[in-house]
Structures are given as structure tokens and as C-alpha cells.
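Participant: Residue numbers (UniProt numbering): 1 to 758. Even glycine gets a Cβ: it sits at the ideal position worked out from N, Cα and C. All figures in this text were calculated on a predicted structure; none of them were measured in a lab.
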């Protein structure tokens, strides 16, 4: 207590009215009698006072080590004689929250542990808590408690609720937990538990809820559920449990929720489980369970609402006695054939997941019967034929994913009636025709992906009415015409991808109004004119791809204003002028300016600390390589070929251990090669052909064991090749060899084969 002023304690105690010092004394005596071992590492009495990470409340913890009789007497005297007023500056007592004192008559009051949850306590659980045998509730979830779990907790036989979730125990569940026979709720999810589930848990016959999800439990689940007739919720997902699903689960007649997804269960799920009369929510997704058919259901199972069998080995789409469902997930199975009739008879369905199967044939018109449907995932199948107009009857639909199928024909105008639709993905199909004007009816749409189809014609003007749109992806189609001038009305856009189409004309200045835009891709079109300055005012932009167009004009100095840019690709255009030294930002990782008409000296790259790909080939740059680039530790690929660069090759390229590809061909570099090749332990491609390099080929080049292509032709090298290449040339069955001494030598290695040529 020496490190805390007594005035602060006085201020604290003055906040506790109507609590009396005698109440503190009585409780602390009880703690002294019970807690003979160490308390929580964070429960160090009134010394530990401070703000929590949540809100601004201040906690006052009480433990016997710091709150004895002598101290209480001393504080009581200060309270009687004090005339202090106002808040103590160091401790904001106006927001004080006292733990655990709240009119406690005995330590069995559950509020002790209810109030400790979520306050970031740390350290191990003391075994002395096992002496609090009157406790009925122990809730410590959301703290940073560590293991091992004391077996003494098994002495708390009056416990009805034990919550130890979100911990760092890294230990097994003690067998003694099987003694907690009055327990109704046991939650140890996300607690880093390891090892098998103890069979003693089968003694918990009063258990209503059992949650052990997101741990590292392993082994087989004991067949221990026969006596748990009150169990309503069993959650075991995201562990490493294996073996068969226990048959005894089918005896839990009150069971409503059964989650076992993302484990290693195998074999078949007992049919009797699906006949439990109150079962509502079933999830066996992502296991190794095998079933030749879908499960059948007893007529009494009328409450079943959710069935998730994702990533099983269900081979048949036949089912009998299917009851009304709100959710059905049969994704990632081996289901094939046409969509079964029973699917469209589940008129209560709200969520239907059938993706990553082998369904083929058309989407049946009967899909329109599912009037309650909110989510439909049928992507990554082999569905074909046109979308039925009946799709427009799904008035409650919010998500429609049909990408990666073989759908064809036009997009039905009825699609525009889906006023609640937020995500529409029809990518990678064969849908053709024009985008219908009725698409403006999708007023709630946030994501529209029609990429990789056969759409043609212009983008309808009505699309600018979708003001909530955040992603518009129309790449790889046959769309044409000028870009919409009104595109600036879509101010919520974060992704705009219109690449690989036939758009022409100038880029509209209104794109500069898209202040939330993060990715803009207009590449592989026929756009012309200058890049509008508004693009470089988009402060959120991280990727700008305008490559493979007919854009012209000088390099814009305001490109450097885009401070978050990671990818900049302006290649394959007709840009002119020089790149100023301050025209590039340090955030760049990919810079592609190749195949333009840029000239002047290369800009300094030293500020590009994160650059990985640097491609400036096929321009008119001249002068020497910049000498400030020694710090480019992330560089992977460099291409300065087909320019007019001269002078020696800077050592920075060859001293970079991360470099994988270097192409400096077709320039007028001269001098000898640097000798740092031995550090290039990842280099795969090195092309220096058609320069004026001379001297010996460094022997250290032979240390580049990862080389797949090496081209030194068109230079003035002399002497021998590195020994490694001479040794490999002896295998005449794999090498085409033509050698003339003192002549230029090209070595081209493809995989493990090396070719020598003049």
C-alpha cells in the first residue's frame, strides 16, 4: 500500500456510501480464511486502480493481502477526520467501480465473478478457488488467464454456470470437471484447450449448454451423451476432433443446436440424430464425413431450421422427408445432376448454399417459389442455359452468387425487380447481350460483378442511379463506347474495373469525384487523350492501372500527390516527357511505365523503400543508372531494357539478395561486371544482351544456382565461362553446344537444361 497515497483511498471510500467499513472487514476476513494460496496476479488490492481498456470506468479490487484489519482501522480514522473534497486527480474516483463489494452477505454471491469478466485480468487461476464451495456462478470470460486449469475447481459442486472462454490456458480439461454435477452451462470456447475431451463430462447430467469451440481439442469424442437428456446446445466446431460422431447424441431429446464443423470427424452421421424432435440447427461442415445420400427426417422433426453439411462427401442429391428449413448448406460436396425438385419445395428457405458441386442443367423456373430467400449461393457449378425470368420473384434476395458456371443468354430485365439485392455476382459465365436498363432497379446494390462474360454495347446510363455501389467490375467483356460522363455520381465506389473491353474516347474528368475509390482499372481498352488531373486527387487510391490504351501527353507531376498508391501501371501508352525526382511516392510496390515514349534521366529510386517490381523498359531514357538505390531491399524484378542507358551497371542490382529477375538488355552499358553475383541467391533470369560490356565473366556467377535464364550475348566478354557452366556442358544428351573461343557467348538455361550459343 506504500505506493498509493492514503488521500486517494479516502476519496475512494467516500464514494462507497451506503457501504460500511464493517462490511469490508467482514468480507476481507472471509477472503483471508478462504484464499490461502496466491490471488490473481492482477487482483493486488487497492494498489491496482486504473482505467480499463473499455470505456472510462475505474476498478477497485479487494484482496486479503492488502486489505487487512490494521489498514481498515487506519482508513476508518481518516474517513472520520477527513474534510477532503473533490476528485483526486491521479485516480478519477468519479467514475470508480468497486469490485467485488456490493452488499455481499457471503462469498457465494455470484456478482463476484460476474463483475470480473472482460476486465483483462491475467495470471493463472489459483487452486484455492476450489474452496469456495458455495459458488453458483463463475464467469471470467474475456480475461487473459493462463493455465493449467486447477483440478480443485471440480470441488465447486454447486456451480450452475462456468464460463472460462477467451483464455490462454494451453492445457487439457481436468477430469475433475466431471464432479460439477449441478452445472447447467459450461463455456470454454476459444480458451486454447488441448488434448482429448474427458469422458467424465458425461456425468454432467444437468447440462443445458456445452461450448468448446475454437480450441485445439483432439482425439475421439467419448460416447458419453446418453445421460445428458437436458442438453439443448452442443458446440464443438473448429477443433481437431476425429472419429465417428457419437451415437449417444441421439439420446439428447432436448437438443436444438448441434455444431461440429471444421473438425476431422469421419464415417457417417447417425441417422437417428436427424430425428431428434427439437433439432433446429445442424452443422457438420468441413469434416471427412461420408454419406451417399442426404439424411432423412422423422416427421416429428418439424423444428429443424438449419442444416449445414458443407465439404462432406455427400454424393447423392436425393432426400426423403425433408422438413421446412430456413438454412440449407450442401456446398463443397459431390452432388451432381440437375437441381433436385425438393430444393424448390423448401419454401421457408432464407439461406441456400450449394456452391462448389457438379450441378448441371438450367436454373429451374421453380426457383421463383422460394419467396423468402435472402441468400443464394450456386457459384462454381456447371449450370447452363439462361437465367429464368422467375428470378425476379425473389423479392427478399440480398445476395445472389452464380459466378463460375456456364450460364448463357441475355440477362433478364426482371433482374431489376430485386430491390433488396446488395451483392450480384455473375462473373465467369457466357451471358451475352446488353446490360438491361432495368438494372437501375437494384437500388440497394453494393457489389456488381459481371466480369468474364460476353456482354456488349454501352454501359446503360441508368447504372449511375446505383448510388450505394461500392464495387463495379465489368472486366473481360465486349463492352464499347465512351465511358459514362456521369460516373462521378457513384461517389461510394471503392473499386471500378472496366478493363479488357473496347471503350474509347477520353477518361471523364468526373472520375476525380470518386473520393472513396481505392482501385481503378481501365486497362486494355482504346482510351485516348491525356490522363485527367482529377485522378491524382483521389487520396484513397492504392491501385491505378491505365495500361494498354492510347493515352498521350506528358508525365504529370501531380502523380506524386497520391500518397497511398501501391500499384501504378501506365505501360503500353504514348506518354512523353521525363519523370521528375519527386514524382514517385514511397508507398509504391509495383511501377510499370514500360512501352511509352518517356525520356530524360531515370528518376531516383532511393525513396521507394517497398518497391518490388520496377519496369521502365521500351522508353527513351538515357544517362546512367541512379546510384541512390542501394536501399531497395524488397526489389524482385527490374526491367530497364530497350532504352539508351549508358555507363557501368550499378552494383545495387547485383547486391540485392531478393532480386529474381534483371533485364538490362538493348542499352549501351559498358565496363566490366560487378563481382557481387554470389549474393543473388534467388536470381532466376538475367538478361544483359546487346550492350557494350567487356572483360571477364565473373566466376561468382556460377554461385547463382537458381538461374533459369542467362543471356550475355551481344557484348565483348572474353575468357572462360564460370566452372559450373563448363561442368554442366559435359552432358551432351541434354545440351546443344556450339562454342567458339574468345567470342561472345550466350548461356540460356531453361529449368535444368543449359544451351550455349554464339
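Residue 519 and residue 543: beta carbons closer than 8 Å?
Facilitator: Yes, the Cβ-Cβ distance between residue 519 and residue 543 is below 8 Å.
Participant: Suppose only complete runs of 4+ residues qualify. What are the alpha helix (DSSP H) ranges in the stretch 561–595, listed by chain order?
Facilitator: Within the stretch 561–595, no complete alpha helix (DSSP H) run reaches 4 residues.
Participant: Which partner residues of residue 194 appear in the DSSP bridge assignment?
Facilitator: DSSP output for residue 194 lists 216 as bridge partner(s).
Participant: Ignore the nearest five residues each way along the sequence and tell me which others in residue 671's own chain have a CB closer than 6 Å to its CB.
Facilitator: So the qualifying residues of the chain are 648.
Participant: Residue 644 to residue 238, Cα distance in whole Å?
Facilitator: Going from the Cα of residue 644 to the Cα of residue 238 covers about 59 Å.
Participant: Bridge partners for residue 550 per DSSP, in chain order?
Facilitator: The partner list for residue 550 (beta bridge, DSSP) reads 528.
Participant: Quick one: which unbroken alpha helix (DSSP H) runs of 4-plus residues sit fully inside the stretch 325–403? Chain order, please.
Facilitator: Listed in chain order, the complete alpha helix (DSSP H) runs (minimum 4 residues) inside the stretch 325–403 are 341–344.
Participant: Quick check for students: name the residue ranges of the beta strand (DSSP E) that lie wholly in the stretch 499–523, counting only runs of 3 or more.
Facilitator: Complete beta strand (DSSP E) runs here, min 3: 502–506, 519–521.
Participant: Does DSSP put residue 723 in a helix, a strand or coil?
Facilitator: Helix, per DSSP.
Participant: Should residue 428 and residue 410 be called a contact, given that it needs their Cβ atoms to be closer than 8 Å?
Facilitator: No, they are not a contact pair.
Participant: Would you mind working out which of 592, 367, 382 sits nearest residue 390, comparing C-alpha positions?
Facilitator: The residue with the shortest Cα to Cα distance from residue 390 is 367.
Participant: Which complete beta strand (DSSP E) runs does the stretch 128–207 hold, if anything under 3 residues is left out?
Facilitator: Fully enclosed beta strand (DSSP E) runs of 3 or longer: 137–139, 144–146, 161–163, 185–187.
Participant: Alpha carbon to alpha carbon, how far is residue 79 from residue 207?
Facilitator: For residue 79, the pLDDT reaches just 41, beneath the cut-off of 50, and the residue's location in the model is therefore unreliable, although a value from the coordinates is still provided. Cα-Cα distance, rounded: 48 Å.
Participant: Which residue's Cα is closest to the Cα of residue 573: 232, 528, 587?
Facilitator: Ranking the options by Cα distance to residue 573, first place goes to 528.
Participant: Among residues of its own chain, excluding the 5 on either side of residue 360, which ones have a beta-carbon nearer than 6 Å to its beta-carbon?
Facilitator: Result list for residue 360: 382, in chain order.
Participant: Cα separation between residue 430 and residue 685?
Facilitator: One C-alpha to the other measures close to 38 Å.
Participant: Give me whichever residues DSSP pairs with residue 472 in a beta bridge.
Facilitator: Paired residue(s): 448, 496.
Participant: Would you report the Cα separation of residue 352 and residue 457, rounded to the nearest angstrom?
Facilitator: Approximately 33 Å between the Cα atoms of the pair.
Participant: Please report how far the alpha carbon of residue 285 lies from the alpha carbon of residue 698, in whole angstroms.
Facilitator: C-alpha separation (whole angstroms): 58 Å.
Participant: Name the residue from 608, 625, 438, 622 whose alpha carbon lies nearest to the alpha carbon of residue 634.
Facilitator: Taking only the C-alpha atoms, the option nearest residue 634 is 608.
Participant: Could you name the residues that DSSP lists as bridge partners for residue 663?
Facilitator: Bridge partners of residue 663: 639, 687.
Participant: Taking the alpha-carbon positions, what's the residue 713 to residue 522 distance?
Facilitator: Cα to Cα, residue 713 sits roughly 38 Å from residue 522.
Participant: Using only the alpha-carbon positions, how far apart do residue 196 and residue 188 sit?
Facilitator: Using only the alpha carbons, I get a separation of about 14 Å.
Participant: Assign residue 557 to one of three DSSP states: helix, strand, or coil.
Facilitator: DSSP places residue 557 in helix when its eight states are reduced to three.
Participant: For residue 111, which of helix, strand or coil comes out of DSSP?
Facilitator: Note on residue 111: pLDDT 39, under 50, position unreliable in the model; the coordinate value appears next. DSSP places residue 111 in helix when its eight states are reduced to three.
Participant: Are the stretch 270–277 and the stretch 226–233 in contact at 8 Å, needing three or more beta carbon pairs?
Facilitator: No, they do not touch.
Participant: Roughly how many angstroms lie between the CA atoms of residue 384 and residue 364, to the nearest whole one?
Facilitator: Whole-angstrom Cα-Cα distance: 11 Å.
Participant: Over what stretch of residues does the beta strand (DSSP E) that includes residue 597 continue unbroken?
Facilitator: Here the beta strand (DSSP E) through residue 597 covers 597–601.
Participant: Within 10 angstroms of its Cβ, does residue 173 collect 16 or more other Cβ (buried), or is it exposed?
Facilitator: That one is buried.
Participant: Considering only C-alpha positions, which residue in the set 436, 215, 134 is nearest to residue 166?
Facilitator: When each option's Cα is compared against that of residue 166, the closest is 215.
Participant: Can you name, in chain order, every residue of its own chain whose Cβ lies under 6 Å from the Cβ of residue 176, other than the five neighbours on each side?
Facilitator: Answer for residue 176: 151, 154, listed in chain order.
Participant: For my contact list, residue 722 and residue 688 are in at a C-beta cut-off of 8 Å; report their separation, rounded to the angstrom.
Facilitator: About 15 Å; that fails the 8 Å criterion.
Participant: What's the C-alpha gap between residue 254 and residue 247?
Facilitator: Distance between the alpha carbons of residue 254 and residue 247 is about 15 Å.
Participant: In this structure, how does DSSP classify residue 235 when only helix, strand and coil are distinguished?
Facilitator: In the structure shown, residue 235 sits in a strand (DSSP, three-state: E or B).
Participant: Let me check one thing: in DSSP terms, what residues is residue 668 bridge-paired to?
Facilitator: Per DSSP, 646.
Participant: Can you tell me the Cβ-Cβ gap for residue 445 and residue 469, rounded? I've got them flagged as a contact below 8 Å.
Facilitator: The Cβ separation is near 6 Å, so the contact holds.
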